[in-house]
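Colleague: I'd like to ask you about the structure that follows.
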Amino acid sequence: MASTPDTFDYVIVGAGAAGSILAARLTEDPGVTVCVLEAGPPDRNFFIHLPAGFIKTLVDPSVTWQFKTEPTERTGGRQISTTQGRTLGGSSSVNGMIYNRGQPGDLNSWAQRGNRGWGYEDCLPYYMRTEQRIGFGRDDRRGKQGGLPVTDMDWIHPLSEAFLQGCVEAGLPRNPDYNSGDQAGVGYFQRGIRKGWRVSAARAFLKPAMSRPALEVRTNARACGIVFEGKRAVGVRYVTERGGARTEVRARREVIISAGTANTARLLQVSGIGPASTLARIGVPVFHELPVGENFRDHYASRIVMRAKDGVETLNQLATGFNLVKQVARWAMGKPSILATAPSHVHIFWKSFEGLDEPDLQGVFTPGSYAEGKVYVLDDYPGCTAGAWQHRPESTGWVRAKTADVFDDPEIQPNYLSDEMDRRVHLGGIRLIRRLLNTPSMQELLEKEVLPGVNVERDDELLDFAYKNGSTTYHLIGTCRMGPETDTTSVVNDRLQVHGLEALRVIDASVMPSMTSANTYATTMMIAERGSDFIRGRAPLAA
Numbered sequence: 039m040a041s042t043p044d045t046f047d048y049v050i051v052g053a054g055a056a057g058s059i060l061a062a063r064l065t066e067d068p069g070v071t072v073c074v075l076e077a078g079p080p081d082r083n084f085f086i087h088l089p090a091g092f093i094k095t096l097v098d099p100s101v102t103w104q105f106k107t108e109p110t111e112r113t114g115g116r117q118i119s120t121t122q123g124r125t126l127g128g129s130s131s132v133n134g135m136i137y138n139r140g141q142p143g144d145l146n147s148w149a150q151r152g153n154r155g156w157g158y159e160d161c162l163p164y165y166m167r168t169e170q171r172i173g174f175g176r177d178d179r180r181g182k183q184g185g186l187p188v189t190d191m192d193w194i195h196p197l198s199e200a201f202l203q204g205c206v207e208a209g210l211p212r213n214p215d216y217n218s219g220d221q222a223g224v225g226y227f228q229r230g231i232r233k234g235w236r237v238s239a240a241r242a243f244l245k246p247a248m249s250r251p252a253l254e255v256r257t258n259a260r261a262c263g264i265v266f267e268g269k270r271a272v273g274v275r276y277v278t279e280r281g282g283a284r285t286e287v288r289a290r291r292e293v294i295i296s297a298g299t300a301n302t303a304r305l306l307q308v309s310g311i312g313p314a315s316t317l318a319r320i321g322v323p324v325f326h327e328l329p330v331g332e333n334f335r336d337h338y339a340s341r342i343v344m345r346a347k348d349g350v351e352t353l354n355q356l357a358t359g360f361n362l363v364k365q366v367a368r369w370a371m372g373k374p375s376i377l378a379t380a381p382s383h384v385h386i387f388w389k390s391f392e393g394l395d396e397p398d399l400q401g402v403f404t405p406g407s408y409a410e411g412k413v414y415v416l417d418d419y420p421g422c423t424a425g426a427w428q429h430r431p432e433s434t435g436w437v438r439a440k441t442a443d444v445f446d447d448p449e450i451q452p453n454y455l456s457d458e459m460d461r462r463v464h465l466g467g468i469r470l471i472r473r474l475l476n477t478p479s480m481q482e483l484l485e486k487e488v489l490p491g492v493n494v495e496r497d498d499e500l501l502d503f504a505y506k507n508g509s510t511t512y513h514l515i516g517t518c519r520m521g522p523e524t525d526t527t528s529v530v531n532d533r534l535q536v537h538g539l540e541a542l543r544v545i546d547a548s549v550m551p552s553m554t555s556a557n558t559y560a561t562t563m564m565i566a567e568r569g570s571d572f573i574r575g576r577a578p579l580a581a
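The following block contains the structure:
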């Protein structure tokens with residue numbers, strides 16, 4: 039006789055940025071029970087917690103989903119790694135730790151699409167609720183009591199200072215706080231690092247809540263199907279190994295899917311929720327037809343690499359030999375060190391064309407030269423790397439399950455640079471970065487451009503470089519788009535409930551109607567904070 043499934047008030051799939059916050063908030067209410075299913079292991083890997091360890095975890099399949107995109111001619115026929123976190127904390131345990139909200143207009147456009155209560159002023163209190171800003175920031179814009187410490191760079195390199203000075207020489211304003219609602223300008227990134235350690239969403243929100251008896255977190259639990267009674271979601275089935283026995287957990291109140299943009303789409307599809315054509319291809323009967331997996335977007339970046347002059351010491355030398363030993367010693371003593379920095383040091387938010395009201399580009403600078411075709415892998419020679427990507431790409435793609443087996447990677451097709459406007463803005467970004475790398479301040483320290491090389495100048499040549507060398511920024515969004523039921527491209531309503539079904543919500547980056555002009559981490563946490571209040575029936579926080 040089969041055992042009776044364990045039953046909780048809520049079952050959450052995914053212990054990433056959104057799932058960690060949801061678990062913490064829902065178990066604040068006395069008597070509420072929550073089960074979190076995380077496909078990956080506990081976050082015991084040392085390199086998860088060491089900020090510089092992302093170089094190792096990004097390629098470690100024990101704590102990541104090693105997803106790749108489908109090749110196109112605009113990626114030079116390449117498959118591009120779109121790695122996602124698969125451990126407690128999800129991608130917040132392996133990302134670049136950057137805290138970046140974007141522009142108010144991002145959210146105002148969501149509200150204009152018919153999503154009530156999703157304008158910037160509505161969402162600002164929820165951004166503030168997640169963060170503990172340590173450093174400069176307006177009290178009416180920055181949170182001081184939240185779980186995630188947001189700190190300033192403390193390890194400053196002379197090349198970074200020269201780059202900043204050069205940007206100011208080129209007419210970009212120095213911006214002391216790009217998260218204030220006024221993004222334009224240049225400055226150092228803010229990040230989720232404190233006292234030399236990464237602070238993931240798991241450390242900030244989930245771990246403190248795990249002391250509550252009402253919260254149960256199950257690791258190595260890969261969700262393989264949503265259980266329904268009629269149109270009501272009543273549970274989730276999961277497996278711990280390929281071909282293993284299925285275990286069912288039940289939800290008295292709601293099932294919440296927070297598995298991330300790619301995995302959320304796949305789980306819904308293998309559960310019979312998605313486009314009929316996608317489900318037919320994988321042999322899954324249509325339970326409820328919705329455009330799950332469509333409207334997929336990602337940021338696509340091109341990076342320029344410069345060689346430094348003799349005598350200029352960059353990350354390339356500091357990360358090897360005795361220099362690295364000294365950096366480890368500094369980190370161990372709690373001093374600023376390359377081991378406790380984010381992969382990107384300086385931010386640029388600027389315009390691809392003069393006359394724009396707001397920046398349409400994000401740029402990044404690192405005082406180290408990256409190897410050709412390898413994101414975040416340092417080359418042998420001293421140098422620096424700077425790149426740019428379009429804030430709000432128009433190119434859209436899809437995420438589709440290849441089979442009904444959740445151990446088979448989904449088909450991920452972002453269609454990078456397929457839209458003509460995206461190509462124009464991308465070219466503007468490359469030319470802007472080149473200009474900023476060739477200011478008088480920088481030329482005192484740099485020898486020459488290595489990638490793509492000074493002879494690559496025409497639009498077609500630069501685009502060819504972008505196709506063959508560009509990469510993801512790991513900012514996957516949109517596969518369960520939020521919008522009113524009259525919007526045939528949407529999957530969830532503005533309370534994050536799946537259209538036409540009961541007791542089923544999606545709360546993660548997949549619900550974003552459009553790309554934010556930022557890294558997606560901060561906004562994903564904000565969405566989770568809002569979603570927790572919807573579930574708990576709480577009035578919106580006052581703006």
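If you're matching positions, the sequence shown starts at 39 in my numbering and goes up one per residue.
The beta carbon of each residue, even a glycine, is placed where N, CA and C say it ideally should be.
What first and last residue would you give for the alpha helix (DSSP H) that runs through Gln365?
Modeller: Start at 1 with the first residue of the sequence shown, and residue 365 comes out as number 327. Where Gln365 is concerned, the enclosing alpha helix (DSSP H) stretches over 359-370.
Colleague: Counting along the chain, where does the beta strand (DSSP E) carrying Gln170 start and finish?
Modeller: Working through the sequence shown from its first residue, we reach residue 170 at position 132. Note, Gln170: beta strand (DSSP E), 169-171.
Colleague: Evaluate contact between the stretch 400-408 and the stretch 441-453, counting only Cβ atoms and requiring at least three cross-stretch pairs below 8 Å.
Modeller: Judged by pairs of C-beta atoms under 8 Å, the stretch 400-408 does not touch the stretch 441-453, as fewer than three such pairs exist.
Colleague: Using a Cβ distance threshold of 8 Å, determine whether the stretch 415-423 contacts the stretch 497-509, with at least three qualifying pairs required.
Modeller: no
Colleague: Could you say if the stretch 120-138 and the stretch 470-487 meet the contact criterion of at least three C-beta pairs nearer than 8 Å?
Modeller: Flag = no, the stretch 120-138 and the stretch 470-487 do not touch.
Colleague: Would you mind listing the alpha helix (DSSP H) stretches within the stretch 252-310 that are 4+ residues and don't spill past its ends, in chain order?
Modeller: 299-308
Colleague: Among Tyr48, Leu465, Val549, which one has its Cα closest to the Cα of Arg335?
Modeller: Along the sequence shown, read from residue 1 onward, the residue named residue 335 stands at position 297. Of the listed residues, the one whose Cα sits closest to Arg335 is Val549.
Colleague: So for Arg345, helix, strand or coil by DSSP?
Modeller: The residue labelled residue 345 in the question sits at position 307 within the sequence shown. Here Arg345 sits in strand by DSSP.
Colleague: Taking 8 Å as the threshold, find out whether the stretch 337-353 comes into contact with the stretch 481-495 through three or more Cβ pairs.
Modeller: Yes, they touch.
Colleague: For Lys245, which three-state DSSP category applies?
Modeller: Position 207 of the sequence shown, counted from the start, is the residue given in the question as residue 245. Three-state result, Lys245: helix.
Colleague: Which residue's Cα is closest to the Cα of Ala200: Ser390, Thr352, Val530, Phe360?
Modeller: Here residue 200 is taken as the residue at index 162 of the sequence shown, counted from 1. Looking at the Cα atoms, Thr352 is the closest of the given residues.
Colleague: Suppose contacts are defined by Cβ-Cβ distances below 8 Å. Is Glu392 in contact with Gly143 by that definition?
Modeller: Translated into positions along the sequence shown, residue 392 becomes position 354. Translated into positions along the sequence shown, residue 143 becomes position 105. Going by C-beta atoms, Glu392 is not nearer than 8 Å to Gly143.
Colleague: In chain order, what residues of the same chain have a beta carbon less than 7 Å from the beta carbon of Gly114, not counting five sequence neighbours either side?
Modeller: Taking the first residue of the sequence shown as 1, we reach residue 114 at position 76. So the list reads Tyr505, Lys506, once near-sequence residues are dropped.
Colleague: By the DSSP assignment, the beta strand (DSSP E) with Phe387 in it spans what residues?
Modeller: Within the sequence shown, the letter at position 349 stands for residue 387. Start and end: 384-388.
Colleague: Looking only at DSSP bridge pairs, what is Ile231 linked to?
Modeller: Taking the sequence shown and counting its residues from 1, the one referred to as residue 231 is at position 193. DSSP, once it has assigned bridges, lists Arg236 as partnering Ile231.
Colleague: Taking the alpha helix (DSSP H) that Phe85 belongs to, which residues open and close that run?
Modeller: Taking the sequence shown and counting its residues from 1, the one referred to as residue 85 is at position 47. Looking at the DSSP string, the run of the alpha helix (DSSP H) that includes Phe85 is 84-87.
Colleague: So the candidates are Met191, Asp571, Ser129, Gln170; which of them puts its Cα closest to the Cα of Ala378?
Modeller: As a first step, residue 378 must be located in the sequence shown, where it is residue number 340. Checking every option, the nearest Cα to that of Ala378 belongs to Met191.
Colleague: Kindly give me the distance between the Cβ atoms of Asp546 and Thr168, rounded to whole angstroms, as I take these residues to be in contact under 8 Å.
Modeller: In the sequence shown, counting from the first residue as 1, residue 546 sits at position 508. In the sequence shown, counting from the first residue as 1, residue 168 sits at position 130. Contact flag wrong, Cβ pair sits at about 14 Å.
Colleague: Using DSSP with H/G/I as helix, E/B as strand and the rest coil, what is Met564?
Modeller: The residue labelled residue 564 in the question sits at position 526 within the sequence shown. Reduced to three states, the DSSP call for Met564 is helix.
Colleague: Roughly how many whole angstroms lie between the Cα atoms of Pro329 and Gly54?
Modeller: Here residue 329 refers to the residue found at position 291 of the sequence shown. Here residue 54 refers to the residue found at position 16 of the sequence shown. Looking at the two C-alpha atoms, the distance is approximately 24 Å.
Colleague: Around the Cβ of Thr189, are there at least 16 other Cβ atoms within 10 angstroms (buried) or fewer (exposed)?
Modeller: Start at 1 with the first residue of the sequence shown, and residue 189 comes out as number 151. Flag for Thr189 reads buried.
Colleague: Evaluate contact between the stretch 143-159 and the stretch 525-538, counting only Cβ atoms and requiring at least three cross-stretch pairs below 8 Å.
Modeller: yes
Colleague: For Tyr454, which of Leu484, Arg288, Tyr512, Ala208 has the nearest alpha-carbon?
Modeller: Within the sequence shown, residue 454 is the residue found at index 416, counting from 1. With distances taken between Cα atoms, Tyr454 lies closest to Tyr512.
Colleague: In whole angstroms, what is the alpha-carbon distance linking Glu66 and Met344?
Modeller: Translated into positions along the sequence shown, residue 66 becomes position 28. Translated into positions along the sequence shown, residue 344 becomes position 306. If you draw a straight line from the Cα of Glu66 to the Cα of Met344, it is about 51 Å long.
Colleague: Please work out which residues of its chain come closer than 6 Å, Cβ to Cβ, to Thr510, disregarding the five sequence neighbours upstream and downstream, and give them in chain order.
Modeller: Translated into the one-based positions of the sequence shown, residue 510 becomes position 472. Result list for Thr510: Ile118, Thr120, Asp336, in chain order.
Colleague: Helix or strand or just coil, what does DSSP make of Glu449?
Modeller: Numbered from 1 along the sequence shown, position 411 holds the residue referred to as residue 449. Note: Glu449 maps to strand in three-state DSSP.
Colleague: How many Å lie between Arg63 and Leu253 at the Cα?
Modeller: Stepping through the sequence shown from its first residue, residue 63 is reached at position 25. Stepping through the sequence shown from its first residue, residue 253 is reached at position 215. Cα to Cα, the separation comes out at about 11 Å.
Colleague: Rounded to a whole number of angstroms, what is the C-alpha to C-alpha distance between Val384 and Val224?
Modeller: Here residue 384 is taken as the residue at index 346 of the sequence shown, counted from 1. Here residue 224 is taken as the residue at index 186 of the sequence shown, counted from 1. The alpha-carbon atoms of Val384 and Val224 are separated by roughly 7 Å.
Colleague: Counting beta carbon pairs with one atom in the stretch 174-189 and one in the stretch 158-166, are three or more of them shorter than 8 Å?
Modeller: yes
Colleague: Rounded to whole angstroms, what's the CA-CA distance from Val308 to Thr441? Just pull it up for me.
Modeller: Residue mapping note: residue 308 aligns to position 270 of the sequence shown, counting from 1. Residue mapping note: residue 441 aligns to position 403 of the sequence shown, counting from 1. Cα to Cα, the separation comes out at about 8 Å.
Colleague: In the DSSP output, which residue or residues are listed as bridge partners for Cys161?
Modeller: Taking the sequence shown and counting its residues from 1, one reaches residue 161 at position 123. According to DSSP, which records beta bridges pairwise, Cys161 is partnered with nothing at all.
Colleague: Out of curiosity, what's the CA-to-CA distance linking Ser238 and Arg112?
Modeller: The residue labelled residue 238 in the question sits at position 200 within the sequence shown. The residue labelled residue 112 in the question sits at position 74 within the sequence shown. Roughly 34 Å separates the two Cα atoms.
Colleague: Throw me the rounded Cβ distance for the Gly127 and Ala259 pair, which I believe falls under 8 Å.
Modeller: The residue given as residue 127 occupies position 89 in the sequence shown. The residue given as residue 259 occupies position 221 in the sequence shown. With 8 Å as the limit, Gly127 and Ala259 do not qualify as a contact, their Cβ atoms being about 15 Å apart.
Colleague: Is the beta carbon of Val293 sitting closer than 8 Å to the one on Leu514?
Modeller: As a first step, residue 293 is located in the sequence shown; it is residue number 255 there, counting from the start. As a first step, residue 514 is located in the sequence shown; it is residue number 476 there, counting from the start. It is not a contact, given that the beta carbons lie outside the stated cut-off.
Colleague: Alpha helix (DSSP H) containing Thr517: first to last residue?
Modeller: One-based indexing of the sequence shown puts residue 517 at position 479. Here Thr517 belongs to no alpha helix (DSSP H), and DSSP marks it neither H nor E.
Colleague: Which class does Leu483 belong to by DSSP, given the choice of helix, strand or coil?
Modeller: Taking the first residue of the sequence shown as position 1, residue 483 is located at position 445. Leu483: coil per DSSP, three-state reduction.
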